[in-house]
Amino acid sequence: MAEEVKLFGVWGSPFSRRVEIALKLKGVDYEYVEEDLSNKSPLLLKYNPVHKKVPAFVHNGKAIAESQVILEYIDETWKNSPILPKDPYGRAQARFWASFIDEKCLPALWKASWPCEDHEKVKDEAREHLKTLENELKDKKFFGGETVGLVDIVANFIAYWLPRIQKATGAELLTEEKYPKLYQWGHEFENHGVVKEKLPPSDKLIAFFKDRFESVSTSK
Amino acid sequence: MADEVILLDFWPSMFGMRVRVALAEKGIKYEYREEDLRNKSQLLLKMNPVHKKIPVLIHNGKPICESLIIVQYIDEVWNDRAPILPSDPYQRAQARFWADFVDKKVHDAGRKIWTTKGEEKEAAKKEFIDVLKVLEEQLGDKPYFGGDHFGFVDISLITYYSWFSAYEIFGEFSIEAHCPKLIAWAKRCLQKKSVSETLPDGKKIHGFINDMRKKLGVE
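Heads up: the sequence lines are chains A and B, in that order.
With my numbering applied, the first sequence closes on residue 220, and no number is skipped along the way.
With my numbering applied, the second sequence closes on residue 439, and no number is skipped along the way.
What follows is the structure, given as structure tokens:
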């Protein structure tokens with residue numbers, strides 16, 4: 001029986017791109033469906049009725065939502081090129097950092113990227129989280145060690161989206177000067193042979209963020 | 221070599237309770253250490269420097285943080301008994317999804333019930349009931365969220381039960397009136413020693429929240 005693997009995503013979403021990266025790393029063929037979030041397809045609503053968000057992942061008719069849940073499912077189903085370590089302690093650490101990134105880093109970085117009240121305080125929090133990641137990375141090439149792992153994939157926003165937001169808005173959060181290891185990691189991640197095929201077009205992303213910057217700067 | 225298992229915890233924490241239930245399910249001997257959250261121990265700050273929160277499980281000197289991550293760790297290390305997550309990858313994904321849903325939705329809605337007043341409180345009550353109804357629908361006619369067996373999602377949610385009577389008192393509503401199947405499920409879980417011996421009495425939690433409200437100036 002042919003395997004049916006389907007992914008509902010959005011070209012600019014770091015969350016659906018995470019799933020694409022994992023599938024590509026494991027050499028899994030899949031059908032991609034681009035969603036219009038202002039006009040969600042009936043299939044998306046069927047496959048993710050609880051959150052109605054992308055990514056939604058379907059394997060042989062069974063649907064899974066939430067990018068980190070999907071990533072663990074992919075790792076357990078296609079066992080080549082593992083993205084999580086085998087030992088329970090290593091797995092717990094990977095899950096911890098992935099959770100830290102999604103629950104603390106990304107919201108703080110996103111908020112700090114755009115004009116807002118208490119902007120300095122918001123930027124301080126974001127910088128503190130980047131420092132924590134810088135310290136965690138130490139001398140490793142990737143958070144996963146020699147190869148791209150769960151934490152690297154979940155941190156994709158930091159490697160690729162954040163620098164482009166900075167280009168579009170002039171925000172300076174992740175700099176080589178302040179976070180040399182993280183900066184270098186971002187560079188490795190972005191240029192990784194497999195990962196780079198599953199990142200959104202740079203110019204299109206920068207243009208998207210420029211538009212957003214213009215609209216949030218002018219609305220008061 | 222005997223395993224050394226230490227749990228840094230705070231008795232009313234529904235997150236700490238999850239770990240206690242998991243350890244009890246697996247029959248693991250451990251040392252419980254109560255933390256004073258207004259005066260955190262050096263050990264806690266050293267073992268969880270990022271969040272400085274409980275629960276922290278210290279296994280042979282190595283810390284694991286975040287309650288659901290700890291529960292998965294326990295399941296993977298002591299994998300020869302009382303499985304918490306299912307063995308099928310799709311079922312595991314469903315369990316992780318719903319435990320994540322509990323984490324994202326139940327705590328904040330519940331907290332707002334006892335920390336706010338008036339319209340804000342009424343909105344929090346409605347949100348809380350809506351979230352529980354989604355969970356109740358997900359439970360369906362199964363004895364547990366895990367199916368025939370008490371599992372990951374059950375553990376993630378049952379620890380809120382000790383807080384339910386406090387929510388009901390402060391919110392002036394009956395959870396059972398809105399979600400009878402969920403309360404039936406909770407009572408079923410309480411028949412398990414690992415749950416009944418872990419969850420503090422609702423009255424104690426109510427007393428704790430009363431003190432918190434005074435400190436926060438909510439009256």
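We put the beta carbon where it would ideally sit given N, CA and C, even for glycine.
Being a predicted model, the structure only gives us computed values, none of them experimental.
Would you report the Cα separation of residue i and residue j, rounded to the nearest angstrom?
i, j, result
"A:Leu106", "A:Arg18", "14 Å"
"A:Glu221", "B:Pro283", "Residue 221 of chain A lies beyond the range of chain A shown here (1 to 220); nothing can be said about it."
"B:Asp431", "A:Tyr73", "43 Å"
"B:Arg240", "B:Arg253", "12 Å"
"B:Lys413", "B:His369", "14 Å"
"A:Asp211", "A:Leu205", "10 Å"
"A:Leu43", "A:Pro201", "26 Å"
"A:Thr221", "A:Tyr183", "It is not possible to answer for residue 221 of chain A, since the shown part of chain A is limited to 1 through 220."
"B:Glu407", "B:Lys401", "Reading off the sequence shown, one finds Lys at residue 407 of chain B, where the question assumed Glu. If I take the Cα positions, the gap works out to 10 Å."
"B:Asp308", "A:Ile165", "40 Å"
"A:Lys140", "A:Leu150", "14 Å"
"B:Cys271", "A:Ile101", "Strictly speaking, residue 271 of chain B in this sequence is His, with Cys absent from that position. Roughly 12 Å separates the two Cα atoms."
"B:Leu355", "A:Leu7", "26 Å"
"A:Asn80", "A:Lys86", "12 Å"
"B:Val351", "B:Lys325", "7 Å"
"A:Lys167", "A:Glu188", "19 Å"
"A:Lys181", "B:Val225", "34 Å"
"A:Phe143", "A:Leu137", "6 Å"
"B:Ala343", "B:Asp223", "47 Å"
"A:Lys62", "A:Lys46", "11 Å"
"A:Asn135", "B:His398", "48 Å"
"B:Gly367", "B:Pro306", "10 Å"
"B:Lys362", "B:Ala315", "14 Å"
"A:Asp124", "A:Ala171", "13 Å"
"B:Lys440", "B:Tyr387", "Chain B is shown from 221 up to 439; residue 440 of chain B falls before or after that span and cannot be answered."
Which residues in chain B have a C-beta closer than 9 Å to the C-beta of residue i? List them in chain order.
i, result
"A:Arg95", "Glu286, Leu288, Ile289, Gln292 and Tyr293"
"A:Arg18", "The contacting residues do not exist; A:Arg18 stays about 15 Å from chain B at best."
"A:Phe15", "In chain order: nothing, as chain B lies at least about 13 Å away."
"A:Ser217", "Result: empty, since nearest Cβ-Cβ is about 31 Å, beyond 9 Å."
"A:Phe100", "Val270, His271 and Glu286"
For residue i, is the classification buried or exposed, using 16 other Cβ atoms within 10 angstroms of its Cβ as the cut-off for buried?
i, result
"A:His119", "exposed"
"A:Cys116", "exposed"
"A:Val58", "buried"
"B:Asp295", "buried"
"B:Asp229", "buried"
"B:Arg258", "exposed"
"B:Ala416", "As written in the sequence, residue 416 of chain B is Ser, which differs from the Ala given in the question. Result: exposed."
"B:Gln262", "exposed"
"A:Lys198", "buried"
"B:Gly281", "exposed"
"A:Leu25", "buried"
"A:Ser38", "exposed"
"B:Leu436", "exposed"
"A:Asn48", "buried"
"A:His129", "buried"
"A:Thr218", "exposed"
"B:Leu265", "exposed"
"B:Arg301", "exposed"
Given that residue i touches chain A, what residues does it touch there, using C-beta distances under 8 Å?
i, result
"B:Tyr310", "His59, Lys62, Ile64 and Tyr73"
"B:Lys197", "Because chain B here runs from 221 to 439, residue 197 of chain B falls outside it and cannot be looked at."
"B:Val354", "Val50"
To the nearest whole angstrom, what separates the beta carbons of residue i and residue j, a pair I think is in contact under 8 Å?
i, j, result
"B:Met237", "B:Thr418", "6 Å"
"B:Trp298", "B:Ile248", "6 Å"
"B:Gly391", "B:Ile333", "4 Å"
"B:Ile168", "B:Glu255", "With chain B running from 221 to 439 in the structure shown, residue 168 of chain B is simply not present."
"A:Pro163", "A:Gly193", "That pair is no contact at about 19 Å."
"A:Ala22", "A:Leu71", "5 Å"
"B:Ile429", "A:Ser99", "Wrong, their Cβ atoms sit about 27 Å apart, outside the cutoff."
"A:Asn156", "A:Pro14", "5 Å"
"A:Val243", "A:Trp114", "Missing from the structure shown is residue 243 of chain A; chain A here goes from 1 to 220 and no further."
"B:Phe317", "A:Glu66", "6 Å"
"A:Gly9", "A:Glu35", "7 Å"
Residue i touches chain A at which residues, Cβ-Cβ below 7 Å?
i, result
"B:Arg316", "Val69 and Glu72"
"B:Asp320", "Glu66 and Val69"
"B:Ala302", "What B:Ala302 touches in chain A: nothing, since even the nearest Cβ is about 16 Å away."
"B:Ala222", "Correct list: empty, because the minimum Cβ distance to chain A is about 18 Å."
"B:Ala242", "Residues of chain A passing the Cβ test: none, with the nearest at roughly 13 Å."
"B:Ala329", "The contacting residues do not exist; B:Ala329 stays about 15 Å from chain A at best."
Starting from the beta carbon of residue i, find every residue of chain B whose beta carbon is closer than 7 Å, and list them in chain order.
i, result
"A:Pro234", "Within the shown structure, residues of chain A are numbered from 1 to 220, placing residue 234 of chain A beyond reach of any answer."
"A:Glu128", "Those do not exist, as A:Glu128 stays about 10 Å from chain B at its closest Cβ, beyond 7 Å."
"A:Glu134", "Here the premise fails: no neighbours, minimum Cβ distance about 13 Å."
"A:Thr77", "Pro309"
Which bits of chain A does residue i rub up against, with CB to CB less than 9 Å?
i, result
"B:Val351", "Correct list: empty, because the minimum Cβ distance to chain A is about 11 Å."
"B:Ala406", "Chain A residues near B:Ala406: none, gap ~21 Å exceeds 9 Å."
I want to verify the contact list: residues of chain B whose CB lies under 8 Å from the CB of residue i, in sequence order.
i, result
"A:Thr147", "What A:Thr147 touches in chain B: nothing, since even the nearest Cβ is about 21 Å away."
"A:Glu125", "The contacting residues do not exist; A:Glu125 stays about 13 Å from chain B at best."
Count the CB pairs spanning the region 81-96 of chain A and the region 319-337 of chain B that are closer than 8 Å, and state whether there are at least three. As far as the Cβ criterion goes, the region 81-96 of chain A does not touch the region 319-337 of chain B, which means the pair count is below three.
Check whether the region 336-344 of chain B touches the region 393-406 of chain B, counting contact only when three or more Cβ pairs, one atom from each stretch, lie closer than 8 Å. Touching, no, given that fewer than three Cβ pairs across the two stretches are closer than 8 Å.
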